[in-house]
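As given, the protein sequences belong to chains Z and W, one line each in that order. Residues 941 to 954 (our numbering) make up the first sequence, in order. Residues 2 to 257 (our numbering) make up the second sequence, in order. Just so you know, even glycine gets a beta-carbon here, dropped at the ideal spot from N, CA and C. For reference, the structure discussed in these notes is given below.
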Amino acid sequence: SGQQSNLLSFFGKK
Amino acid sequence: MLEGKFDEASLLKKVIDAMKDSVKLCNFNCTENGISVQAIDDSRVLLISLLIEAGSFEDYRCDRNIVLGLEMESLNKIIKNGNASDMLTLVAEDSPDALNLIFEDKRRDRIAEYSLKLMDIDQDFLKIEDMKFDAVVNMPSAEFAKICRDMKTLSESLQIIITKDSVKFNSEGDFGSGSVVIKSFTDLEKTEESVRITLEKPINLTFGAKYLNDIIKSTPLASQVTIKLCDKQPALFEYQLPSGYLRFYLAPKFED
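Next comes the structure, spelled out in structure tokens:
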């Protein structure tokens, strides 16, 4: 039921 | 040196209880303004952002910035030994190898002192810009928790659909489906029971039910939860502390 996305694809590493 | 005294241990007990199942290791950053944590779960789907401002403490001082690398399960074991109504003081030296926790019973002369070894934790730190949201929902945290628990019995995904004045939580499972709709509602006598929906664009997002059921472990912290959503973006779930917050950023699921 849908593909889980990853936070790293939205927020850059500092 | 850090010295932070909580009037009641219950606040930190609830915070650690809310975090410990999502993240194992956390750096607690102590500054003169308070204590903050950013931690991300192993699957990189859920990010926790905690801020306990100095105002949440009865007394607080931190002369120099200190990082406390803590193993959450160990911290939780010690925290559970204190009573919720105890005063709790956190103490650490400037270059500490341990965090001291002192629980004091208010009625009797009972002092329990623990020392927790610190760890060097190398963690990713994500840069979260000021996010724009298309919809903001304020609702009773207990009601949100029940919906997340109930919907998880049907499916591992929970769909959140927001239109003008209602929020629909929808779950499509193998053996059946279910949904709960809540509408804007103002309770003037018990404002914590109110539901407020602020909408700029309709929302239709799907999230992993497992993560939502970790987030709702924060329910004892606040009577209301704020949910901020934007199309194709991580959602923000926020529980207010007396002075500060516990926030969760959750990455959505997308159609295959």
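Between which two residues does the alpha helix (DSSP H) carrying residue i extend?
i, result
"Ser75 of chain W", "73-82"
"Val16 of chain W", "11-20"
"Asp60 of chain W", "That residue, Asp60 of chain W, is in no alpha helix (DSSP H); its beta strand (DSSP E) goes 60-63."
Which chain Z residues sit within Cβ distance under 7 Å of residue i?
i, result
"Thr154 of chain W", "Near Thr154 of chain W there are no residues of chain Z at all, since even the closest Cβ is about 15 Å away, more than 7 Å."
"Tyr250 of chain W", "Leu947"
"Leu247 of chain W", "Near Leu247 of chain W there are no residues of chain Z at all, since even the closest Cβ is about 17 Å away, more than 7 Å."
Mind checking whether residue i and residue j have CB atoms under 8 Å apart?
i, j, result
"Lys254 of chain W", "Thr207 of chain W", "yes"
"Val46 of chain W", "Leu947 of chain Z", "yes"
"Asp1 of chain W", "Lys218 of chain W", "With chain W running from 2 to 257 in the structure shown, residue 1 of chain W is simply not present."
"Ile183 of chain W", "Met140 of chain W", "yes"
"Ala136 of chain W", "Ile162 of chain W", "no"
"Glu190 of chain W", "Gln225 of chain W", "no"
"Ser57 of chain W", "Gly245 of chain W", "yes"
"Gly304 of chain W", "Glu59 of chain W", "Not covered by the structure: residue 304 of chain W. The range shown for chain W is 2 to 257."
"Gly83 of chain W", "Ile122 of chain W", "no"
"Lys14 of chain W", "Leu222 of chain W", "no"
"Met88 of chain W", "Asp8 of chain W", "yes"
"Lys118 of chain W", "Asp98 of chain W", "yes"
"Thr220 of chain W", "Ser142 of chain W", "yes"
"Lys6 of chain W", "Thr90 of chain W", "yes"
"Leu76 of chain W", "Ile17 of chain W", "yes"
"Glu2 of chain W", "Glu94 of chain W", "Note on residue identity: the sequence assigns Met, not Glu, to residue 2 of chain W. Result yes, Cβ atoms of Met2 of chain W and Glu94 of chain W sit closer than 8 Å."
"Val68 of chain W", "Asn30 of chain W", "yes"
"Thr187 of chain W", "Ser195 of chain W", "yes"
"Phe170 of chain W", "Ile148 of chain W", "yes"
Give the range of the beta strand (DSSP E) segment to which residue i is assigned.
i, result
"Ala236 of chain W", "236-242"
"Val168 of chain W", "167-173"
"Lys211 of chain W", "Careful: Lys211 of chain W lies outside any beta strand (DSSP E), inside the alpha helix (DSSP H) at 210-216."
"Thr227 of chain W", "225-230"
"Ala252 of chain W", "Careful: Ala252 of chain W lies outside any beta strand (DSSP E) and carries neither H nor E."
"Arg197 of chain W", "197-200"
"Val181 of chain W", "178-184"
"Ser50 of chain W", "47-54"
"Ala93 of chain W", "88-93"
"Ala99 of chain W", "99-105"
"Ser158 of chain W", "158-164"
"Lys6 of chain W", "3-7"
"Leu26 of chain W", "26-32"
"Gly35 of chain W", "35-41"
Under 8 Å Cβ-Cβ, which residues of chain Z neighbour residue i?
i, result
"Glu256 of chain W", "Gly942, Gln943"
"Gly56 of chain W", "Under the 8 Å cutoff, chain Z gives no residues; its nearest Cβ is about 26 Å from Gly56 of chain W."
"Pro253 of chain W", "Ser945"
"Gly209 of chain W", "Gln944"
Please list, in chain order, the chain Z residues whose beta carbon lies closer than 9 Å to that of residue i.
i, result
"Gly70 of chain W", "Within chain Z, no residue comes near Gly70 of chain W; the closest Cβ sits about 17 Å away, beyond 9 Å."
Please compile the residues from chain B whose C-beta is within a distance smaller than 7 Å of the C-beta of residue i.
i, result
"Leu48 of chain W", "Among the chains of the structure shown, chain B does not appear; the protein chains present are Z and W."
Uninterrupted beta strand (DSSP E) stretches inside the region 113-142 of chain W (no shorter than 3 residues): 136-141
Selection of the region 220-234 of chain W by Cβ proximity to chain Z, strictly under 8 Å: Gln234
Members of the region 103-128 of chain W that neighbour chain Z once the beta carbon cut-off is set at 8 Å: Asp125, Phe126, Leu127, Lys128
Where the region 26-46 of chain W meets chain Z: residues whose CB sits under 7 Å from a CB there: Ile41, Arg45, Val46
Against chain Z: residues of the region 146-172 of chain W by CB proximity under 8 Å: Ser156, Glu157, Ser158
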